[in-house]
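Here the structure comes first, spelled out in structure tokens, and everything after it is commentary.
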Amino acid sequence: MNPVNCTSCGKSKAQLTCGICEETICKKCTQFVDEGTFSFLKWIPADLSHNAYCPTCHVQKVMPELEKYNDLMAQAKNTAVFMRAQNKEVHRIKRLEEPLEILECEDHNELILRLAFFAAQMGYNSIIDVNVVAKKVRSGSYQTTVYSGTGIPVHVDQAKLIKDKSSWSSPN
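First residue of the sequence shown? That's 161 in our numbering, and the numbers climb one at a time after it.
Okay, here's the thing in structure tokens:
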């Protein structure tokens, strides 16, 4: 069997292949992407579903998508969240979009962040009428909690927002 050369550096014993262009690359030249990197996307494109990339494909195709993803995640972390009980602050805001729904999530805070991420993807800066429901799931003697929730993405101008005096100590 002939030794395979790395397409990036030319060294022999290249054992990995790029997920996009399928060229052989050595471990030193390979750019690895963790499996859960794009986990908040509703569907992951085929080019981003691999773990190993050559330097060229990583720079040209993976890095721009990773930057977009990180920008959306930063927007999601700055999204204003109004629970259903806080309806006095947002009762005059028009609800133009359909509610976002997440059926199963293992963490309460991750569920809210996923709703905020989807709202940021759609171009909104807030989610209102957020309703989170916890459900206990048993598997033999082991018990976990699974969360599901809904929320409506909207654009809220913070300067025009009516603040309820009863929630001034904790607006979110």
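Glycine included, every Cβ here is placed at the ideal spot set by N, Cα and C. Computed from a prediction, not measured in an experiment: that's the story for all the values here.
Looking only at its own chain, which residues have a Cβ that is under 7 angstroms from the Cβ of Phe277, when we skip the five neighbours before and after it?
-> In the sequence shown, the residue the question calls residue 277 occupies position 117. Same-chain partners within the cutoff: Phe200, Leu232, Met233, Ala236.
Selected residue, minimal CA-CA separation from Ala294, among Ile272, Ile287, Ile312 = The residue you call residue 294 lines up with position 134 of the sequence shown. The candidate whose alpha carbon is nearest that of Ala294 is Ile272.
Helix, strand or coil at Asp267 [DSSP, three-state] = Here residue 267 corresponds to residue number 107 of the sequence shown, with the count starting at 1. In this structure, Asp267 counts as coil in the three-state DSSP scheme.
So what does DSSP say about Glu225, is it helix, strand or coil?
-> Translated into the one-based positions of the sequence shown, residue 225 becomes position 65. Three-state DSSP puts Glu225 in a helix.
Does DSSP put Ile347 in a helix, a strand or coil?
-> Absent from the structure is residue 347, since the part of the chain shown begins at 161 and ends at 332.
Three-way DSSP call (helix, strand, coil) for Leu321 in this model = Start at 1 with the first residue of the sequence shown, and residue 321 comes out as number 161. Reduced to three states, the DSSP call for Leu321 is coil.
Does the stretch 177-190 come within contact of the stretch 210-223, defined as at least 3 CB pairs closer than 8 angstroms?
-> yes
Determine whether the Cβ of Glu182 lies closer than 7 angstroms to any Cβ atom of chain C.
-> Annotation note: the requested chain C is absent from the structure, which comprises a single protein chain.
For the alpha helix (DSSP H) that Val371 lies in, which residues bound it at each end?
-> For the chain, the structure presents residues 161 to 332; residue 371 sits outside this window and is missing.
Note down the Cα distance separating Thr310 from Met243, rounded to an integer number of angstroms.
-> Taking the sequence shown and counting its residues from 1, the one referred to as residue 310 is at position 150. Taking the sequence shown and counting its residues from 1, the one referred to as residue 243 is at position 83. For Thr310 and Met243, the distance between alpha carbons rounds to 10 angstroms.
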